[in-house]
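For the first sequence, counting from 1, position 332 maps to 498 in the numbering used here; every step adds exactly one. Below you'll find the structure, written out as structure tokens, and then a few comments.
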Amino acid sequence: MSTDVRTRFAPSPTGYLHIGGARTALFSWLYARHTGGKFILRIEDTDAQRSSQELSEEILKAMQWLGLDWDEGPFYQSDNIELYKSYVNKLLEQGQAYWCECSPEDLKNIREQAQSEGRKPKYDGSCRKKGLGPGPGRVVRFAAPQGGLTSFEDLIKGHIAVDNDELDDLVLLRSDGMPTYNLTVVIDDAEMNITHVIRGDDHVNNTPKQIQIYQALGLDVPIFAHVPMILGSDKTRLSKRHGATSVMAYKDMGYLPEAMVNYLVRLSWSHGDQEIFTPEELIDLFDIKDVGRSAAVFNPEKFLWLNHHYIKNGDSKRLAALLKDFVEKQDYPVPDDVYLEQVVIDVRERTKTLADMIDFGEFYFREIEAPAELQLKFFTPELKEIMQMVVEKLFSVDFSDKEQVEQAFVSVLESFDIKFKKIAQPIRVALTGKTVSPGLFEIIMTLGKDTTLRRLRRALEYMKEV
RNA sequence: GUCCCCAUCGUCUAGCCUGGCCUAGGACACCGGCCUUUCACGCCGGCGACAGGGGUUCGAAUCCCCUUGGGGACGCCA
């Protein structure tokens with residue numbers, strides 16, 4: 167027996183790992199790492215209708231992408247059905263559970279009746295005294311304690327107390343023989359010796375019900391920590407309406423996992439004025455005690471800013487490797503690693519995501535032609551001689567030496583006694599097809615002699631023809 | 001509707017527990033300026049909040065109560 171911290175993340179594979187779930191997982195993981203405890207992953211797939219193996223795997227992938235590694239699991243609740251049933255039987259034998267024959271329609275009526283009378287729409291317990299046994303269409307319900315108070319000390323919310331009369335005789339075993347969430351979560355957390363149940367705010371109301379089950383079963387009640395929700399910009403529960411909510415959707419949009427971790431951790435948690443954290447710092451600094459009690463609004467702009475921060479400061483070789491996927495997705499020919507890294511270095515200050523790099527740096531990956539209006543505006547005949555000389559000078563220069571390339575321009579500028587400004591935009595348009603781009607010399611060095619000269623000559627041809 | 005929870009700039013938050021150092025600090029966004037071959041980056045500056053009302057106190061963003069506002073839960077989902 168040890169008192170080591172054991173936390174868990176228990177998603178249900180009825181959807182992808184979303185922002186909210188990821189943050190909960192992150193907090194659980196951080197707390198385990200911070201305390202030197204264990205982090206367990208458990209898949210809650212007792213809803214056979216809606217759960218799927220594919221979704222389970224997607225969740226695992228998302229966890230891995232975020233770097234949230236687990237020490238035990240993944241365990242699947244569907245592998246433990248007999249275990250849960252044995253507990254149901256125990257409750258039945260103890261008289262703390264009973265068979266119920268009420269149909270879904272009966273239940274609906276009971277609820278509507280209660281609500282219309284201004285009461286909480288809970289099950290009225292009409293089958294409690296019937297002494298029913300198993301039968302088709304029947305479920306097992308928990309005989310919840312009546313009267314009194316159930317309370318607990320939440321690590322985040324503080325003291326929470328609920329009147330037992332508010333609580334339902336909830337279903338433990340469905341008519342199809344599958345156990346339900348409130349039962350399985352209790353049994354597994356107990357069997358897995360979870361010390362700290364860190365989960366979403368939306369489970370606060372379930373907690374007293376679960377505590378009653380722990381008590382009925384004579385199991386130790388863990389410590390609870392309910393983390394506040396993440397809301398959308400209109401302060402309602404975050405959903406697709408607010409934009410992408412799936413973790414992996416952000417990966418596909420060119421976000422970095424460290425940016426997501428850093429962004430999410432700062433929702434309802436902070437450490438003074440610090441905004442940027444390395445994983446090591448987080449493990450060192452994170453504590454549930456510092457998690458706030460109020461909900462946070464997901465702010466895409468700040469997330470983008472953080473992503474840009476990591477794009478700007480990340481290792482360029484790694485970024486180049488990540489960029490490769492995005493190049494392939496566009497069906498562009500994949501350049502070599504050195505070229506890709508140069509692109510990253512050229513564009514990183516002005517692109518906030520990996521996907522941005524592809525858009526903004528399109529001219530690095532494919533042949534481009536400036537729109538007609540830009541050609542007309544910038545490729546003017548008066549620039550003919552100047553451009554001619556730029557091409558000639560560059561032609562005779564060694565491109566492995568940036569110094570020489572810059573010198574070539576200096577000599578052209580001196581010959582015509584003009585400012586660089588005079589030819590910068592025309593050259594930019596010739597090289598990139600746009601008026602906005604990275605620095606000219608960076609582009610030229612990355613593109614290389616052949617491409618640079620080819621594109622400048624094409625502009626020169628235009629100047630001559632006009 | 002009933003129950004539970006929450007409440008500092010538009011947003012994320014520091015400060016609140018252990019009242020005075022708060023004419024409330026930082027960050028994102030926004031607006032100016034500087035830098036400059038474009039755009040960015042960077043730097044400098046600006047805008048901007050203690051929900052309201054009562055208490056307690058010499059003194060309240062900080063403690064208490066009420067109101068209001070918001071969120072969540074009320075399922076044979078998790």
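No residue lacks a Cβ here, since even glycine has one placed at the ideal position from N, Cα and C.
Could you check whether residue j and residue i sit closer than 9 Å to each other, using their CB atoms as the reference points?
| i | j | result |
| --- | --- | --- |
| Ile-326 | Pro-374 | yes |
| Thr-612 | Tyr-476 | no |
| Leu-273 | Tyr-289 | yes |
| Ile-396 | Leu-196 | no |
| Ala-382 | Val-363 | no |
| Asn-246 | Ile-353 | yes |
| Met-555 | Val-576 | no |
| Ala-263 | Ile-209 | no |
| Ile-379 | Phe-308 | yes |
| Ile-185 | Leu-520 | no |
| Val-571 | Ile-511 | no |
| Cys-266 | Asp-213 | no |
| Met-414 | Trp-231 | yes |
| Leu-131 | Leu-192 | With the chain covering 167 to 632 only, the question about residue 131 has no answer from this structure. |
| Ile-276 | Gly-239 | no |
| Asp-331 | Gly-343 | no |
| Met-358 | Arg-174 | yes |
| Ala-228 | Ala-188 | yes |
| Pro-287 | Ser-222 | no |
| Leu-619 | Leu-560 | yes |
| Glu-424 | Pro-445 | yes |
Specify the secondary structure class of residue i as computed by DSSP and reduced to three states.
| i | result |
| --- | --- |
| Asp-616 | helix |
| Met-167 | Residue placement at Met-167 cannot be trusted, given a pLDDT of 40 that sits under 50; the coordinates are not used to answer. |
| Asp-583 | coil |
| Trp-265 | strand |
| Ile-276 | helix |
| Leu-397 | strand |
| Pro-240 | strand |
| Glu-223 | helix |
| Val-254 | helix |
| Ile-389 | strand |
| Val-352 | helix |
| Val-556 | helix |
| Lys-468 | helix |
| Pro-345 | strand |
| Pro-426 | Before going further, note that residue 426 is Met rather than Pro in the sequence given. In this structure, Met-426 counts as helix in the three-state DSSP scheme. |
| Ile-534 | coil |
| Leu-520 | helix |
| Asp-450 | helix |
| Tyr-498 | coil |
| Ile-247 | helix |
| Asn-479 | helix |
| Ile-442 | coil |
| Glu-283 | coil |
Looking only at its own chain, which residues have a Cβ that is under 8 Å from the Cβ of residue i, when we skip the five neighbours before and after it?
| i | result |
| --- | --- |
| Ser-405 | Gly-398 and Thr-411 |
| Met-167 | In this prediction, Met-167 has a pLDDT of 40, which is less than 50 and means its spatial position is unreliable; what the coordinates show is noted afterwards. Once the five neighbours on either side are set aside, Met-167 has no close Cβ partner at all. |
Can you list, in chain order, the residues of its chain whose CB lies under 7 Å from that of residue i, leaving out five sequence neighbours each side?
| i | result |
| --- | --- |
| Val-513 | Met-523, Phe-526, Gly-527 and Pro-604 |
| Glu-507 | Ser-482, Lys-483 and Ala-486 |
| Val-563 | Gln-570, Val-571 and Ala-574 |
Between residue i and residue j, which are expected to be in contact by the criterion C-beta below 8 Å, what is the C-beta distance as a whole number of angstroms?
| i | j | result |
| --- | --- | --- |
| Gly-614 | Phe-565 | 6 Å |
| Leu-470 | Lys-417 | Not a contact, Cβ separation roughly 15 Å. |
| Ala-462 | Pro-394 | 6 Å |
| Val-171 | Thr-190 | Rounded, the Cβ-Cβ distance is 16 Å, inconsistent with contact. |
| Ile-322 | Arg-459 | 6 Å |
| Pro-547 | Met-629 | 6 Å |
| Leu-597 | Arg-621 | 5 Å |
| Ile-389 | Thr-361 | 6 Å |
| Val-595 | Phe-544 | 5 Å |
| Val-306 | Leu-258 | 7 Å |
| Leu-540 | Thr-617 | No, Leu-540 and Thr-617 are not in contact; Cβ-Cβ is about 19 Å, not under 8 Å. |
From the DSSP output, read off the bridge partner residues of residue i.
| i | result |
| --- | --- |
| Thr-173 | Phe-205 and His-362 |
| Trp-195 | Per DSSP, none; premise fails for Trp-195. |
| Ser-317 | Ala-327 |
| Leu-506 | According to DSSP, which records beta bridges pairwise, Leu-506 is partnered with nothing at all. |
| Arg-403 | Leu-397 |
| Phe-308 | Ala-263 |
| His-184 | Ser-412 |
| Val-337 | Arg-307 |
| Trp-435 | Val-457 |
| Val-463 | Leu-397 |
Can you list, in chain order, the residues of its chain with a C-beta nearer than 6 Å to that of residue i? Leave out the 5 residues immediately preceding and following it.
| i | result |
| --- | --- |
| Gly-303 | Ser-341 |
| Tyr-182 | Glu-224 and Ser-412 |
| Gln-243 | Glu-210, Asp-211, Thr-212 and Thr-350 |
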